[in-house]
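Asker: Heads up: the sequence lines are chains A and B, in that order. Here our numbering is used: the first residue of the first sequence is 68, the next is one more, and so on. Here our numbering is used: the first residue of the second sequence is 2, the next is one more, and so on. Can you read through this structure? Questions will come right after.
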Amino acid sequence: MSDDLIHAPAQYQAAFQKSPGYWSGVMRRFRRDPVAMIALCVVLALILMAVFAPLVAPADPYRASMLRRLRPIGTEGFPLGTDELGRDMLSRLIYGGRLSLLMGVTPVFIAFLIGSVIGITAGYLGGKVNSVLMRTIDVFFAFPSVLLAIALSGALGAGIFNGLLSLTVVFIPPIARIAESVTTAVRRIEYVEAARASGASSFTIVRVHVLGNVIGPVFVYATGLISVSLILASGLSFLGLGVKPPEPEWGLMLNTLRNAIYVQPWVAALPGLMIFITSISFNLLSDGLRSAMDLKS
Amino acid sequence: MLKYLAERILYTLPVAFGVSIVCFMLVHIAPGDPLTSVLPPDASAQLQAEMRAIYGFDRPLPVQYGLWVLKVIQGDFGTSIATGRPVAMELSRALGNTLMLAVLATMIGFLFGGLFGFVAGYFRDSWIDRIASLISIIGVSVPHYWLGMVLVIIFSVQLNWLPSTGAGPGGSADWVWDWAHVRHLILPAITMSVIPMGIVARTVRALVADILSQEFITGLRAKGLLDVGVFRHVVKNTAPTALAVMGLQLGYLLGGSILIETVFSWPGTGFLLGQAIFQRDLPLLQGAILALAMIFVVLNLLVDIVQSMLDPRVQRS
């Protein structure tokens, strides 16, 4: 899991220098990056598959049958076999994308909103407000991300909402830190000083100058967290936290199929493969965005 | 140096304080009463009140926190509700196993990650770089609990070469450094090493590429220094940061070992944590989280200090 994404980089600070047509340049560079384009297509396909699951899935993902438990991949009528309760694996994998994607993407999105507000507030106001906010953030930073997620959802108990809540808390600190460092850097640029000197209100300065410069890099950073979030979210369900049975969810499916590895090992491994494909696609997409926005240099 | 040391330690204290508050609050954000899991459902109100007084849950929160911290400082982490044994005892037994696994995994990950990253950064944009980058992106994207399952499927189920669970023959007996025990360590350690490998490879690649693009390297080359000499300079400049990353990774692995330990039934802190969650054993959960988080805080401090000793530039920034 890429904890380095959560816990290190300050390179995002340098990202705010824009030229006219910056976004069109980003789009052009992104379109020329074949790996990023493929990753984008895979991500879109996964999202479409999840949204239109009832239309795509060949069977009912909940219909169990004790007569056809743990059929191998390639069984007639069950192209990817059946699970430990005789339910169609293909349909469950398709439906599983709904909760897995939701549980992976939502925390990062909410954390992106909350973390940006915290980071921009701390960075723009500076002084005492900054100290109080950022020292509080430091405390949550002092936990390894997996441990914090498990501590919170372990204490709160299983359930989709508790899982989402724990993961959101995990991702607010890293996003707030990046937003704070970029905002602090932006605040010192001359044109922001000029705007202030010319009588613009704090709200206007934040809305026009700070937000425009900060949101881009923070957004790209947040997209890099989606893959971590997906792995963690499914990991929670894998541990019996997060999603509860009989809902189809990749992490939970991996958990309930664990005992089947001696009977149908490759069927049991399929849900994890889905998590892997999704997570690597989001990672490559985020890498592509980052290099298209030239955030490294 | 001393000033930096003092500053770093002073900065760590409030963080440690905050961490202890978060851990303390874990029991209190939990739904229901922490006692419900031990008491029979038909326990009388009097018994409930007595138990509450014994565990101290009837006092105001700040008082409870103060008493709890005093006990923790003396090494008393409370009593596990599920087993009735002291949490500190359960933890100390498990911690050794996790430490062994995490240290080994960090070493494997650092060795291969450093190698891949170095080669990739040195021959930037070549095919070697592409392969190394691919390996590192797989390393950071793979759900490691799944990778563990796949390795078990290949090496335990299909090939029957290595055991799939536990830390020794016939359950979790005391650890001995012989083949019968080491066999159990191989799969979990390799699975765990994938995480630091990907991250170390990414970091080292970026560092090496950055250093090679700096002017002093051109200067060294112009001076007539051979590649071996340049290589030495690159290593010297990369090592402090790479070692710092390695130290932090060890901390993440110690704290995040729960998923891998669950897959392999490895009798460490993560496995213990998993049991605590499963049995809703809140004192054990709280103790384990606190211990692991504090280890991470201290490790962070040590990494910073060691890094600043290896690379004095760190102190100034």
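Note that CB positions come from ideal geometry on N, CA and C, so glycine has one too.
(1) In chain order, what residues of the same chain lie with their CB nearer than 6 Å to the CB of residue 315 of chain A, ignoring the 5 residues before and after it?
(2) On the three-pair Cβ rule with 8 Å, is the segment 291-301 of chain B touching the segment 205-221 of chain A?
(3) With burial defined as no fewer than 16 other Cβ atoms inside 10 Å of the residue's Cβ, what is the status of residue 24 of chain B: buried or exposed?
(4) On the three-state DSSP scale, how would you describe residue 313 of chain B?
(5) Return yes when the Cβ of residue 31 of chain B is within less than 9 Å of the Cβ of residue 285 of chain B, no when it is not.
(6) What do you get for residue 145 of chain A, buried or exposed, if any count of 16 or more other CB atoms within 10 angstroms of its CB means buried?
(7) Any Cβ of chain E within less than 9 Å of the Cβ of residue 268 of chain A?
(8) Should residue 228 of chain B go down as buried or exposed, given a rule of 16 or more other Cβ atoms within 10 Å for buried?
(9) Is residue 77 of chain B helix, strand or coil by DSSP?
(10) What separation, rounded to the nearest whole angstrom, lies between the Cα atoms of residue 141 of chain A and residue 325 of chain A?
(11) Against residue 298 of chain A, what residues of chain B qualify as contacts under a CB-to-CB distance less than 7 Å, listed in chain order?
(12) Could you tell me the alpha carbon to alpha carbon distance between residue 218 of chain B and residue 237 of chain B, rounded to whole angstroms?
(13) State the Cα-Cα distance for the pair residue 28 of chain B and residue 65 of chain B, rounded to the nearest angstrom.
(14) At the 9 Å Cβ level, is residue 202 of chain A part of the contact set with chain B, yes or no?
(15) Assess, as a yes-or-no matter, whether the segment 121-140 of chain B is touched by the segment 270-283 of chain B under the definition of 3 or more beta carbon pairs within less than 8 Å.
(16) With 16 as the cutoff for other CB atoms within 10 Å, does residue 178 of chain B come out buried or exposed?
(17) Count the other CB atoms, across all protein chains shown, that sit within 10 Å of the CB of residue 335 of chain B; report buried if there are 16 or more and exposed otherwise.
(18) Using only CA atoms, which one of A:116, A:256, A:118 lies nearest to residue 276 of chain A?
(19) Name the two residues that bound the continuous alpha helix (DSSP H) containing residue 276 of chain B.
(20) Can you give me, in chain order, the residues of the segment 229-250 of chain B that have a beta carbon less than 9 Å from any beta carbon in chain A?
(21) How would you call residue 296 of chain A, buried or exposed, if buried means at least 16 neighbouring beta carbons within 10 angstroms?
(22) Please check if any C-beta of chain A sits within less than 9 Å of the C-beta of residue 297 of chain B.
(23) For residue 156 of chain B, I'd like the list of residues in its chain whose CB is within less than 7 Å of its CB, leaving aside the five on either flank, ordered along the chain.
(24) Please confirm if residue 139 of chain A has its CB atom under 9 Å from at least one CB of chain B.
(25) Identify whether residue 155 of chain A lies in helix, strand or coil by the three-state DSSP scheme.
(26) Between B:98, B:11, B:176, B:2, which has its C-alpha nearest residue 298 of chain B's C-alpha?
(27) Do you know how far the Cα of residue 283 of chain B is from the Cα of residue 222 of chain A?
(28) Identify whether residue 166 of chain B lies in helix, strand or coil by the three-state DSSP scheme.
(29) In the DSSP assignment, find the alpha helix (DSSP H) that holds residue 354 of chain A and state where it starts and stops.
(30) Where does residue 332 of chain B land, buried or exposed, given buried means 16+ other C-beta within 10 angstroms?
(31) Going by beta carbon distance, what residues of the same chain come within less than 6 Å of residue 109 of chain B, once the five residues before and after it are set aside?
(32) Which term fits residue 91 of chain B, buried or exposed, when burial requires 16 or more other beta carbons within 10 angstroms of its beta carbon?
(33) With a cut-off of 8 Å on the beta carbons, I'd call residue 123 of chain A and residue 133 of chain A a contact; round off their distance for me.
(34) Going by CA-CA distance only, name the one from B:252, B:213, B:160, B:263 that's closest to residue 230 of chain B.
(35) Output the distance between the C-alpha atoms of residue 155 of chain A and residue 345 of chain A, rounded to the nearest integer angstrom.
(36) Please list the partners that residue 101 of chain A has in chain B, where partner means a Cβ-to-Cβ separation under 9 Å.
Answerer: Short version:
(1) Same-chain partners within the cutoff: 128, 159, 162, 163.
(2) Yes, since at least three Cβ pairs between the segment 291-301 of chain B and the segment 205-221 of chain A fall closer than 8 Å, the two stretches touch.
(3) It counts as buried.
(4) Reduced to three states, the DSSP call for residue 313 of chain B is coil.
(5) The answer is no: Cβ separation not under 9 Å.
(6) Around the beta carbon of residue 145 of chain A, a 10 Å sphere encloses 16 or more other beta carbons of the protein chains shown; the residue is thus reported as buried.
(7) Here chain E cannot be found, since the structure's protein chains are A and B.
(8) Exposed, because fewer than 16 other Cβ atoms sit within 10 Å of the Cβ of residue 228 of chain B.
(9) Three-state result, residue 77 of chain B: coil.
(10) Here the alpha carbons of residue 325 of chain A and residue 141 of chain A stand approximately 20 Å from one another.
(11) Listed along chain B are 144, each with a C-beta nearer than 7 Å to that of residue 298 of chain A.
(12) Rounded to whole angstroms, the gap between the alpha carbons of residue 218 of chain B and residue 237 of chain B is 13 Å.
(13) So the two alpha carbons sit approximately 11 Å from each other.
(14) For residue 202 of chain A, at least one C-beta of chain B is nearer than 9 Å to its own C-beta.
(15) Look at the beta carbons and you see the segment 270-283 of chain B not touching the segment 121-140 of chain B: under three pairs across the two are nearer than 8 Å.
(16) Under this definition residue 178 of chain B is an exposed residue.
(17) Chain B is shown only over 2 to 318; residue 335 of chain B falls outside these bounds and no answer can be derived.
(18) The shortest C-alpha separation from residue 276 of chain A is found at A:256.
(19) Secondary structure note for residue 276 of chain B: its alpha helix (DSSP H) is the uninterrupted segment 270-279.
(20) Here the close residues are 246, 249, 250.
(21) Around the beta carbon of residue 296 of chain A, 16 or more other beta carbons lie within 10 angstroms, which makes this residue buried.
(22) So yes, residue 297 of chain B belongs to the interface.
(23) The residues are 162, 163, 188.
(24) Output row for residue 139 of chain A: interface = no.
(25) Note: residue 155 of chain A maps to strand in three-state DSSP.
(26) The residue with the shortest Cα to Cα distance from residue 298 of chain B is B:11.
(27) Rounded to whole angstroms, residue 222 of chain A to residue 283 of chain B spans 7 Å at the Cα level.
(28) In this structure, residue 166 of chain B counts as coil in the three-state DSSP scheme.
(29) Unbroken alpha helix (DSSP H) run through residue 354 of chain A: 332-359.
(30) What the structure shows of chain B is the stretch from 2 to 318, and residue 332 of chain B is not part of that stretch, so it cannot be assessed.
(31) Within the same chain, residue 109 of chain B has close Cβ partners 194.
(32) Buried.
(33) The pair is not a contact, with the Cβ atoms about 26 Å apart (cut-off 8 Å).
(34) Comparing Cα positions, the closest option is B:213.
(35) Their Cα atoms are separated by approximately 21 Å.
(36) In chain order: nothing, as chain B lies at least about 12 Å away.
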